[in-house]
Amino acid sequence: MPQHWRVILLLSVVSGVAYLVRADVAVAQERMALPWGYP
Amino acid sequence: MIGMGAITAWGFQLSYALFQVPAGMFGERFGARTALALALAGCSVASFVTSAMPREGAVLVLVATRVLLGIAQAAVFPVAAMAVMIYVPVTERVRATAIYIATASLGAAAAPLLMAPTMEKLGWRAVFVLSGVIASVTALVWVMLMPPRPPHPEPNDASRAKRGVLSELRVLVRSIPLLRLSIAYLLHSAVWFVFVFWFFRYLTEGRGFTILASGFWGALPNFAAFVIAPLIGVATDRLGRRIGPAPARRRVAMACLFSAAGFVTAGAVLPSAVLAILALSLSTGCVNGAEGPFFMTATALGVENPGAAAGVLNLMGNLGGVLSIWLVPRMSAVWGWNGTLVFWSGVYLVAAFLWLTVDIDAAAPAGRTSGDGMPA
Chain A
1 MPQHWRVILL LSVVSGVAYL VRADVAVAQE RMALPWGYP
Chain B
1 MIGMGAITAW GFQLSYALFQ VPAGMFGERF GARTALALAL AGCSVASFVT
51 SAMPREGAVL VLVATRVLLG IAQAAVFPVA AMAVMIYVPV TERVRATAIY
101 IATASLGAAA APLLMAPTME KLGWRAVFVL SGVIASVTAL VWVMLMPPRP
151 PHPEPNDASR AKRGVLSELR VLVRSIPLLR LSIAYLLHSA VWFVFVFWFF
201 RYLTEGRGFT ILASGFWGAL PNFAAFVIAP LIGVATDRLG RRIGPAPARR
251 RVAMACLFSA AGFVTAGAVL PSAVLAILAL SLSTGCVNGA EGPFFMTATA
301 LGVENPGAAA GVLNLMGNLG GVLSIWLVPR MSAVWGWNGT LVFWSGVYLV
351 AAFLWLTVDI DAAAPAGRTS GDGMPA
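In the order they appear, the protein sequences are chains A and B.
Every letter in the first sequence is one number past the one before it in my numbering, and letter 22, counting from 1, is 22.
Every letter in the second sequence is one number past the one before it in my numbering, and letter 132, counting from 1, is 132.
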């Protein structure tokens with residue numbers, strides 16, 4: 001695999017994971033117990 | 001009472017927007033490998049700390065971790081755009097950008113599929129442990145597999161260190177082409193955020209879909225963006241070989257924005273709900289296809305400051321997003337959804353015409369090439 005395609009693949013993994021991680025709270029907040037409850 | 005959704009959204013969004021330019025500058029000085037490794041490590045720490053959130057001081061911890069996550073993730077797009085500029089030949093840069101931006105949509109779409117079952121089985125803290133582990137593993141993979149810098153110098157040389165942050169900022173602020181491009185991107189992103197945040201509500205309120213059906217149809221724009229944007233990237237690069245990369249980026253971006261405007265208008269006026277959704281999905285595909293030309297033009301205009309220039313672009317994009325998130329419910333209450341969509345299709349047209357005011361030749365000063373003989 002040409003080097004620049006390896007970089008593109010790695011950048012794709014990083015951006016995909018970044019968006020996955022930032023969405024975690026949207027899923028979890030339904031069950032997270034805060035002092036005033038949710039929402 | 002402030003809702004938890006508001007705390008998490010604003011804690012993240014504010015720090016994410018404010019750190020776009022600093023994160024791009026950091027990437028220029030320390031390299032893509034270090035910058036994105038730290039970004040992933042920051043994501044990981046934020047997730048693990050959230051997973052251990054105590055009941056006492058929970059709000060403070062939640063705000064702090066979302067701010068940390070925003071700062072860490074601010075590096076992703078500016079540094080990735082800079083890395084494409086450094087590692088990828090100019091003839092393949094738009095498709096490269098389109099691919100990693102499309103994958104971001106895939107990551108967002110995968111989150112509920114992966115995390116909802118985890119929460120059902122193991123509770124909400126496991127969701128954050130899972131995302132922390134994923135970010136940590138990705139950081140390791142990134143550091144191990146990211147190739148060393150190519151022979152031509154990465155823009156973090158000694159002269160940059162000597163020049164200083166303030167003079168770099170001055171150069172960026174004085175770049176009229178970058179400013180015009182960023183305003184076009186602000187408008188482009190404002191409409192994109194309409195779909196990201198309000199499409200589901202449009203389907204239920206404007207088209208009378210049930211919640212379940214809205215969930216299914218609501219995923220279609222993201223899927224369309226994932227498929228169409230890389231194809232537009234390939235087409236842009238091919239056109240670039242014939243007419244030059246900079247004119248090709250402008251031509252394709254304008255075509256994407258014009259097409260998106262047409263599809264949004266069709267989505268507003270078509271009587272069939274399904275056809276309207278298809279039209280709106282095509283519009284999001286076109287808009288996502290314009291991302292590559294936008295980012296690659298910004299990095300080219302940034303000349304020696306590609307990371308910070310991409311940061312300026314994404315900062316403006318996020319401002320546009322905040323603006324439209326605030327405006328849309330007010331507009332739909334007054335004009336209805338059809339009037340609101342027609343308005344935003346007009347915004348696309350303005351963004352398209354703004355491209356004509358961008359001096360794309362400023363992207364390739366005399367003597368500057370991309371390393372493969374073509375002007376940047």
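Beta carbons: idealized from backbone N, C-alpha and C, even for Gly.
Leaving out the 5 sequence neighbours to the left and right, which residues in its chain are closer than 8 angstroms to residue i when beta-carbon positions are compared?
i, result
"residue 95 of chain B", "230, 233, 234, 236, 237, 292"
"residue 54 of chain B", "61"
"residue 308 of chain B", "21, 24, 25, 28, 78, 168, 169, 172, 302"
"residue 210 of chain B", "204"
Assuming residue i and residue j are in contact, meaning their beta carbons sit under 8 angstroms apart, how far apart are those beta carbons, in whole angstroms?
i, j, result
"residue 279 of chain B", "residue 266 of chain B", "4 angstroms"
"residue 317 of chain B", "residue 189 of chain B", "4 angstroms"
"residue 348 of chain B", "residue 261 of chain B", "4 angstroms"
"residue 359 of chain B", "residue 112 of chain B", "Not confirmed; about 43 angstroms, so no contact."
"residue 73 of chain B", "residue 22 of chain A", "6 angstroms"
"residue 76 of chain B", "residue 15 of chain A", "6 angstroms"
"residue 20 of chain A", "residue 107 of chain B", "4 angstroms"
"residue 352 of chain B", "residue 270 of chain B", "Not quite, the Cβ-Cβ distance comes to about 22 angstroms (not below 8 angstroms), so this is no contact."
"residue 124 of chain B", "residue 28 of chain A", "4 angstroms"
"residue 146 of chain B", "residue 24 of chain A", "Wrong, their Cβ atoms sit about 25 angstroms apart, outside the cutoff."
"residue 383 of chain B", "residue 354 of chain B", "Missing from the structure shown is residue 383 of chain B; chain B here goes from 1 to 376 and no further."
"residue 295 of chain B", "residue 313 of chain B", "7 angstroms"
Please list, in chain order, all residues of the same chain as residue i whose beta carbon is under 6 angstroms from its beta carbon, the five residues on each side excluded.
i, result
"residue 333 of chain B", "none"
"residue 284 of chain B", "195, 221, 224, 225"
"residue 84 of chain B", "93, 96, 97"
"residue 118 of chain B", "126, 127, 130"
"residue 197 of chain B", "325"
"residue 102 of chain B", "226, 229, 230"
"residue 35 of chain B", "26, 27, 75, 79"
"residue 331 of chain B", "340"
"residue 240 of chain B", "248"
"residue 40 of chain B", "135, 138, 139"
"residue 306 of chain B", "82, 85, 299"
"residue 17 of chain B", "315, 318"
By the criterion of Cβ-Cβ separation under 8 angstroms, what are the contact partners of residue i in chain A?
i, result
"residue 101 of chain B", "15"
"residue 281 of chain B", "Going along chain A, no residue has its Cβ under 8 angstroms from residue 281 of chain B, so there is no contact; the nearest lies around 19 angstroms."
"residue 131 of chain B", "20, 21, 24"
"residue 147 of chain B", "3, 6, 7"
"residue 317 of chain B", "In chain order: nothing, as chain A lies at least about 15 angstroms away."
"residue 293 of chain B", "Those within 8 angstroms of residue 293 of chain B in chain A number zero; the least Cβ separation is about 17 angstroms."
At a CB-CB cut-off below 9 angstroms, which residues of chain A make contact with residue i?
i, result
"residue 134 of chain B", "17, 20, 21"
"residue 92 of chain B", "4, 5, 8"
"residue 43 of chain B", "17, 18, 21, 22"
"residue 73 of chain B", "18, 19, 21, 22"
"residue 12 of chain B", "22, 25"
"residue 108 of chain B", "16, 19, 20, 22, 23"
"residue 8 of chain B", "25, 26, 29"
"residue 298 of chain B", "Correct list: empty, because the minimum Cβ distance to chain A is about 16 angstroms."
At 9 angstroms on the CB atoms, spell out the chain B contacts of residue i, in chain order.
i, result
"residue 1 of chain A", "Those within 9 angstroms of residue 1 of chain A in chain B number zero; the least Cβ separation is about 11 angstroms."
Closer than 7 angstroms by beta-carbon distance: list the chain A residues that pair up with residue i, in chain order.
i, result
"residue 48 of chain B", "Per Cβ cutoff of 7 angstroms: no residues; residue 48 of chain B is ~11 angstroms from chain A at best."
"residue 116 of chain B", "27"
"residue 337 of chain B", "Here the premise fails: no neighbours, minimum Cβ distance about 24 angstroms."
"residue 88 of chain B", "4, 7, 8"
"residue 289 of chain B", "None at all; the shortest Cβ gap to chain A is about 16 angstroms."
"residue 128 of chain B", "24, 28"
"residue 36 of chain B", "14"
"residue 138 of chain B", "13, 14, 17"
"residue 119 of chain B", "27, 28, 31"
"residue 96 of chain B", "8"
Looking only at its own chain, which residues have a Cβ that is under 7 angstroms from the Cβ of residue i, when we skip the five neighbours before and after it?
i, result
"residue 63 of chain B", "7, 11"
"residue 65 of chain B", "46, 49, 50"
"residue 37 of chain B", "139, 142, 143"
"residue 150 of chain B", "86, 87"
"residue 9 of chain B", "none"
"residue 39 of chain A", "Below a pLDDT of 50, predicted positions are generally treated as unreliable, and residue 39 of chain A, at 39, falls in that range; the measurement from the model is reported next regardless. Around residue 39 of chain A: no qualifying Cβ."
"residue 282 of chain B", "224, 263"
"residue 337 of chain B", "202, 205, 206"
"residue 311 of chain B", "20, 21, 23, 24, 78"
Tell me the start and end of each unbroken alpha helix (DSSP H) in the region 171-256 of chain B that is at least 4 residues and wholly inside, in chain order. Fully enclosed alpha helix (DSSP H) runs of 4 or longer: 176-201, 211-218, 220-243.
Which ranges would you report for the beta strand (DSSP E) in the region 40-96 of chain B if only whole runs of at least 3 residues count? Runs of the beta strand (DSSP E) spanning 3 or more residues and lying entirely within the region 40-96 of chain B do not occur at all.
Which ranges would you report for the alpha helix (DSSP H) in the region 291-344 of chain B if only whole runs of at least 4 residues count? Fully enclosed alpha helix (DSSP H) runs of 4 or longer: 291-301.
Return the residues of the region 321-337 of chain B that lie within a Cβ-Cβ distance of less than 7 angstroms from chain A, sorted by chain order. Along the region 321-337 of chain B, none of the residues has a CB nearer than 7 angstroms to a CB of chain A.
At what residue ranges does the region 101-161 of chain B contain a whole run of the alpha helix (DSSP H), taking only runs of 4 or more? Correct list: 124-145.
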